[in-house]
Amino acid sequence: MSELDIKQIIEDAALHLGKVVRYPKYYNKTTRYSEQEIKQSFVLKFYENLKTNELEDKYYLTFETPTKYAYAFHLKDKDVDKQPECDPDRTKPNFQSGQIDVSIWGNDSSGTAYSHIEFKHIPRTDNKAPENRKKITKDLLKLSMEESNSGINYFVFVIKHDNETWNGLKVLLFDRKNYKTKEPKSIYETVSEKLDENHQIKIIIIDRENGDIIGRPFDYKETLNHPDDFKMND
């Protein structure tokens, strides 16, 4: 392996969930699930991969990486009032840098990350009117705007493995037909327009209990155009 296989590292990290990396318990013994565990597991497997493949001097990680462009996410506004926005020129007032959960960099002077990764935990979700739509679409916008030398950024979800949650995630990621907005086009179109064969977002979904990959890795733009292809493993 001459280059990083990020998809494989993410899959290896998923297998650590509940084992090497475990979810903590609340005082009443119930489990607290979040995306923090998969992020930490990814770091462990990333550096293990570098060592195994003699790439230790070629790549490094940054966390909560400031974005190149400025954003306004409008998280306090109602879902249909204002959608997440990006200002590539950094000239608009009240726009500021966002953060990327984890960025991978080549140890060179290119100034552009090798790849960006966002991690998100999705609990059981109402698939009719999800209240956290902007928490997903803001990250889709960042991943579509922030360039990477590999040409692929990743959105990794850890979810409760059931049909209700899967369908809720489908709404959050791909429901442009039923997303009523006052603006000429929805955030889904804005994201899609930024993506092509040289700049992609790959969606990977992990079963939070078992650490299995649910379904295949999904290309975001392709699946947005064919949302019925967003299916779990048989």
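In my numbering, each residue's number is its place in the sequence shown (first place is 1) plus 40.
For each residue, glycine too, the CB sits at the ideal point set by N, CA and C.
- With distances taken between CA atoms, Tyr-99 lies nearest to Ile-46 out of Pro-224, Thr-71 and Ile-46.
- Per DSSP, the continuous beta strand (DSSP E) segment holding Lys-160 begins and ends at 155-162.
- Here Gln-123 carries a coil assignment [DSSP, helix/strand/coil].
- At a Cβ-Cβ threshold of 9 Å, Leu-44 and Ser-190 count as neighbours.
- Leu-181 and Pro-124 have their C-alpha atoms some 7 Å from each other.
- The bridge partners DSSP lists for Gly-146 are Tyr-99.
- Assignment of beta-bridge partners to Ser-137 by DSSP yields Ala-110.
- In this model, Asp-119 and Ser-143 are separated by some 28 Å (Cα to Cα).
- Burial state of Met-272 is exposed, judged by a 10 Å Cβ sphere holding fewer than 16 other Cβ atoms.
- In the displayed model, Ile-245 falls within a strand according to three-state DSSP.
- In this structure, Thr-107 and Ser-137 form a Cβ contact; the two beta carbons are roughly 5 Å apart against a cut-off of 8 Å.
- The alpha carbon of Val-231 has as its nearest neighbour, out of Phe-197, Leu-183, Glu-187 and Tyr-219, the alpha carbon of Leu-183.
- In this structure the segment 238-245 touches the segment 258-266; the number of beta carbon pairs closer than 8 Å is three or more.
- Taking the C-beta atoms as reference points, Thr-105 is found nearer than 9 Å to Ile-140.
- Sixteen is the threshold: when 16 or more other Cβ atoms of the shown chains lie within 10 Å of the Cβ of Val-61, as they do, the residue is buried.
- The alpha carbon of Leu-264 has as its nearest neighbour, out of Thr-177, Asp-252 and Ser-188, the alpha carbon of Thr-177.
- Exposure of Asp-269 is indicated by the presence of fewer than 16 other C-beta atoms within 10 angstroms of its C-beta.
- The DSSP-derived three-state label of Asp-269 is helix.
- With respect to Leu-57, Arg-248 sits close: the two C-beta atoms are nearer than 9 Å.
- For Ile-192, the enclosing beta strand (DSSP E) begins and ends at 192-199.
- Taking the CA atoms as reference points, Tyr-194 sits about 8 Å from Ser-155.
- Annotation: the continuous alpha helix (DSSP H) that includes Ser-184 extends over 173-185.
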